[in-house]
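Numbering (this note's numbering), first residue to last: 469 to 1150.
Written out as structure tokens, the structure is:
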């Protein structure tokens, strides 16, 4: 990404190193190719005042960004260093003054006014005053139907603000024209409004790496499907809206069947299908309604529960410091938690009927070799079972281990430390989370890490390595999926390149790109296709790959289908794994934007915000004509499956949920950060 040593020194605030590099001729204004950052931006966004001041003194561009950062932090040293730059213009200062009047102090405003008085006005950029009636016409909700992102524009007094997500601070909009504004907190980003006949129809955001358009949402419709977009095809062009539909979708009739296992991450082959298991719709954790049992688990984990017969298995990691630093919500912070105290990794077996702990075993006690993200733990990978043994993976210590169903240790395999983190700077460790899968007597492990990524198979009986294939891949977090069709079986993996392998030998069978730089979701199978998504910008694809795929199936630029790809679009989602259910392909964004597609064609059926929004990391599951979505705040929203959005219930657990629930034999098993719950009718 053409990041230089100066980037990393600035990011860490190492002033002596910055000075040395600049003295040796380092380019103070070098920009990386991915984020378009400069070293000054790295220093100022992390609060490294001395580093930012030095870079400004050495001629760095970006004084306006540094000035805004100083105002946000109320740091006069950084503000004064930025004000000394000759880069600032009268327009920059007007923006800064407006921002300081809202978020700064009288001292800051006075310093900005003093500087502004020394800069002659620029005739090409006159002071712009927008009538309040016009500002009022811009207030409202705007949505990009391609990404599902929603912005809210609000007016307070004569000040327009932009909110990018619920709970996030509003950003100040400073007018640069009657219909165009600069974001005070991000001066290189502009916002403009457009429409016809005096009616404001859209908001356009322009930033260095691209432009996005957001259509205005009718009042009261922000959380409901966009009816006019009901049948937009996968390629993104507009098609006629579908005809009127009945207000409700008839419930799917499912006959209760014998108990089925939920053997790994999101059940059997990550399908998330609990049909016939009698999953209920409503419960109340606080009141105990339809809560059969609740079991505390020491430590914490984001790994999901699995079920086989009368047993439930969960894993956990417990810090000797008791550090449970964790942060939910919609944010992009990259810094890890600095807890490298001694940990104990355990596996627990619970009785399904009562939640009683039947046995617990220590897998390892020691110091983790990898830090974790604030939305991560030291036990992220979901265990897997074949009904005879249960296998768990603990990436930060590189341990793959197996026990029999009664807790007897069977074997261990040292995989080497699995260090997964930010592709841009390996020192930002986030924690490995890909889960093992069992196929044809082999445990398949996808280990995409900072260096020497691989995929490997181990004999499920002995733990001995069967094959290992190197992967030219940076860190990823998805779980491999088995795709069987047309008499062939592939192991499909997500990554910057989507790849498939022969499960018997580990030989690469096909590959497809481009994809996101950070991939989390697991591939899913349905309708004879395998679906893969990526939601990290700028590449955010959905691919529906045919069973005939072979070799390099990368499509021509701007193509949305090919001989090997049934359909694709650019509306991929980031963390939750998508869901195939009854001919419909569902994606759920981190912000709860749910999109439903015809699984065969990619035609979009609807888009809606689940439960009014929130932050979602757990993946959706389905059962008996219903979809279940658990958000980080602990709400489990139940939605009718089908071509129309219909919310059936919103059940509050009142604890953080990061793990994907399991369904088996009349029970919904929900793991929160502190407990495992058995949810079911009495």
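Each residue gets a CB set at the ideal place from its N, CA and C atoms; glycine is no exception. Just so we're clear, the structure is a prediction, and the values are computed from it rather than from any experiment.
- Between the region 777-793 and the region 850-868, the count of Cβ pairs shorter than 8 angstroms is three or higher; the stretches touch.
- Close CB contacts of residue 1134 within its chain, under the 6 angstroms cut and outside five residues either way in sequence, are with 746, 1148 (chain order).
- DSSP places residue 1084 in the coil class of the three-state scheme, outside both helix and strand.
- Membership of residue 470 in any alpha helix (DSSP H) is not indicated, and neither H nor E is assigned to it by DSSP.
- Inter-residue distance for residue 832 and residue 1115 is about 44 angstroms (C-alpha atoms, whole angstroms).
- Bridge pairing for residue 897: 889 [DSSP].
- Bounds of the beta strand (DSSP E) holding residue 631 are 627-631.
- Judged by DSSP in its simplified three-state form, residue 933 adopts strand.
- Per the C-alpha coordinates, the member of 607, 675, 1111, 482 positioned closest to residue 505 is 675.
- Between residue 1125 and residue 1102, the beta carbon gap of about 5 angstroms places them in contact (Cβ cut-off 8 angstroms).
- Taking 7 angstroms as the cut-off, the beta carbon of residue 564 is found closer than this to the beta carbon of residue 580.
- According to DSSP, residue 1054 shares a beta bridge with 1047, 1064.
- For residue 920, there is no enclosing alpha helix (DSSP H), as DSSP marks it with neither H nor E.
- For residue 537, the enclosing alpha helix (DSSP H) begins and ends at 531-541.
- For residue 805, no alpha helix (DSSP H) encloses it, and the DSSP letter there is neither H nor E.
- The C-beta of residue 575 has fewer than 16 other C-beta atoms within 10 Å across all chains shown, which makes the residue exposed.
- Here DSSP, grouped into helix, strand and coil, assigns residue 1008 to coil.
- The three-state reading of DSSP puts residue 1115 in strand, counting E and B together.
- Around residue 789, the same chain offers 807, 809 as residues with beta carbons nearer than 8 angstroms, after the five sequence neighbours per side are excluded.
- A direct Cα-to-Cα measurement between residue 941 and residue 987 gives close to 11 angstroms.
- Taking the Cα positions, residue 904 is about 16 angstroms away from residue 872.
- A distance of 7 angstroms or more separates the beta carbons of residue 596 and residue 655.
- The Cβ atoms of residue 974 and residue 944 lie no closer than 7 angstroms to each other.
- Each residue's CA atom was taken as its position, placing residue 979 and residue 949 some 14 angstroms apart.
- For residue 575, the secondary structure class from DSSP, reduced to helix, strand or coil, is helix.
- Take residue 502, set aside five residues on each side of it, and the residues of its chain with a beta-carbon closer than 8 angstroms to its own are 469, 892, 985, in chain order.
- For residue 549, the enclosing alpha helix (DSSP H) stretches over residues 544-551.
- A buried status is given to residue 786, since no fewer than 16 other beta-carbon atoms sit within 10 Å of its beta-carbon.
- Closest by C-alpha distance to residue 556, out of 568, 531, 536, 541, is 531.
- Rounded to the nearest whole angstrom, the CA to CA distance from residue 828 to residue 1087 is 27 angstroms.
- Boundaries of the alpha helix (DSSP H) harbouring residue 487: 483-491, taken from the DSSP string.
- Ranking 756, 592, 1110, 679 by CA distance to the CA of residue 1064 puts 1110 first.
- A residue is called buried when at least 16 other Cβ atoms come within 10 angstroms of its Cβ; residue 525 does not meet this threshold and is exposed.
- A distance below 7 angstroms between beta-carbons, with the five flanking residues on each side excluded, links residue 633 to the following residues of its chain, in chain order: 798, 1059.
- Here residue 910 is buried. Its C-beta has 16 or more other C-beta atoms within 10 Å.
- Rounded to the nearest whole angstrom, the C-alpha separation of residue 971 and residue 907 is 8 angstroms.
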